[in-house]
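With numbering that gives the first Met the number 0, the residue at position 166 of the sequence shown is 165, and numbering never jumps.
Note that the Cβ used here is the ideal one computed from N, Cα and C, for glycine as well.
For reference, the structure is listed below as structure tokens.
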Amino acid sequence: MTHYANTKLQEEKVFKDPVHRYVHVRDQVIWDLVGTREFQRLRRIRQLGTTFLVFHGAEHSRFSHSLGVYEIVRRIVDDIFTGRPDWDESERLLVLCAALLHDLGHGPFSHAFENVFELDHEFFTRQILLGGTEVNAVLKKVALDFPEKVSQVIEKTYPNKQVVSLISSQIDADRMDYLQRDAYFTGVSYGHFDMERILRVMRPRKNQVVIKATGMHAVEDYIMSRYQMYLQIYFHPVSRSAEVILNNILKRAKQLSMVGYKFKHEPTHFLAFFRNTITLEDYLALDESILFTYFQLWMQEEDAILSDLSRRFVNRKLFQYIDLDPGVELEKYQKLQELFKQADLNPEYYLVHDTTADLPYDFYRPGEEEVRVPIFLEMKNGELRELSRESIIVDSISGRMKRDHKVYFPLDFLEDRSTHAIVKKQILTLLQGR
């Protein structure tokens, strides 16, 4: 490690934060990383994608979330772990940098964007860390192999699994920040739990982090908060409707480009994505403000589908939905597809099946298909016990997959009887189960 790695700011810098009150920065490396253009880009990418169209307060960015994850890890390593025998102080700066930079590769409206263009934000996180970027230049000042180490922590391949688990595990700083931050900005109460208590009872053990048994109830509260947030916020059906439309806008623009459609305004920022010739610079040049600019322009396009979908997203004219699983009701779904075609509604864009699934405590017991690292409680005698063996609450929801199927469609088009009135009536009868 260089002298730079140990350099402290002359005066501590603080960010006022609505969740953690303050985010404290004393390390020159961290302060320099925050100032890089790649990290500043995260100000222009929302943490919750399309959720702001449902919960109007959900405008917070991946920038604020990344600072929050850093602050939680800083409290753990500086206040809780420091001086404890199983904690290696030389890992401190590494885990702080990984916490700060863990979301660096996210694109605009992350998941829809990744789906359409078949991208992986973790791949781009690695590219930013290791490529010719301002972030890479800062990390290399610490040590030439430091960017690779940070990348390994984020990719979960770093040899010291204890360091990895602080950022990526069943109870990590990433989840603890986004649950509280997302609850705060959406205005709901589900995501709140006693983080201060959890941090106080965290203990470093070789290759893992454990929780003192006396903190079990705080951990139960955290897991139930996560369960509720997924059901009520992350899987909200109206937010999913907006994501379906967003996904279809990008898909339509890509398809039009591939068949040589002449856009009124050349989608310059997207050409590399349409042609699959994406460079890191192409990727970094895109943020949500750019996407919104194109959606505004595409509202004026000659292509009826692209202009309609863009108008819907910009003006929040979203699709309606019903509970329908094509795997169970395939005949009904196929009949709807055929009727949509008869009504001149392309089912690829206007009859969309969407599914979600999550495990509130997502590990499988040893011997099952995959073994994930569970949360361990440290008992009074030093023995480690897996959480669901001790907690009736956690045991009751362990391994229980919550899967939800919806089909989305434009109700306003179907209620407009100026064209295809008979077919549209048939469609509505089928959708409404009459």
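| Asked | Found |
| --- | --- |
| Nearest to Leu66 (by Cα), restricted to the options Arg40, Arg202, Lys7 and Leu100 | Leu100 |
| Cutoff 8 Å; reference Ser60; Cβ partners in own chain excluding five residues on either side | Leu41, Arg42, Arg43, Ile44, Arg45 and Gln46 |
| Any alpha helix (DSSP H) of 4 or more consecutive residues that is wholly inside the region 130 to 170 | 133 to 141, 145 to 154 and 160 to 166 |
| Under the three-state DSSP convention, the category Phe123 falls into | helix |
| Where the alpha helix (DSSP H) containing Arg196 begins and where it ends | Met194 to Arg199 |
| Proximity to Thr6 [Cα-Cα], best of Leu92, Ile197 and Arg125 | Leu92 |
| Delimiting residues of the beta strand (DSSP E) encompassing Leu376 | Phe375 to Glu377 |
| Sequence-distant residues of the same chain with beta carbon closer than 7 Å to Ser167, five excluded per side | Lys155 and Asp173 |
| Cα-Cα separation, Val68 to Gln179 | 11 Å |
| Assigned exposure category for Pro365 - 16 Cβ within 10 Å defines buried | For Pro365, the predicted model reports a pLDDT of 39, less than 50, meaning its position is unreliable; a value from the coordinates is still stated below. Answer is exposed; the Cβ neighbour count stays below 16. |
| Local conformation of Asp411 per DSSP, three classes | helix |
| Span separating the alpha-carbon of Gln39 from that of Val33 | 7 Å |
| Beta-carbon spacing of Ile244, Phe294 below 8 Å | no |
| Secondary structure of Gln207, DSSP reduced to three states | strand |
| Closer than 7 Å: Gln319 CB and nearest the ligand MG heavy atom | Absence of the ligand MG is noted for the structure shown, with no ligands found whatsoever. |
| Identified DSSP bridge partners for Glu449 | Limits of the chain in this structure are 0 at one end and 433 at the other, which puts residue 449 out of reach. |
| CB of Phe192 within 8 Å of CB of Ala217, strictly | yes |
| Alpha-carbon spacing of Ser224 relative to Glu265, whole angstroms | 45 Å |
| Local conformation of Ile321 per DSSP, three classes | strand |
| Glu377 and Arg202 closer than 8 Å at C-beta | yes |
| Endpoints, the beta strand (DSSP E) within which Glu11 is located | Lys7 to Asp16 |
| Whether Leu165 touches Val209 by CB criterion (8 Å) | no |
| Of the listed residues Ser288, Met257 and Phe262, nearest to Phe273 (C-alpha basis) | Met257 |
| His19 (DSSP reduced to helix, strand or coil) | coil |
| Spatial neighbours of Glu287 in its chain, beta-carbon cut-off 8 Å, leaving aside the 5 residues before and after | Arg43, Ile44, Arg45, Pro107 and Phe108 |
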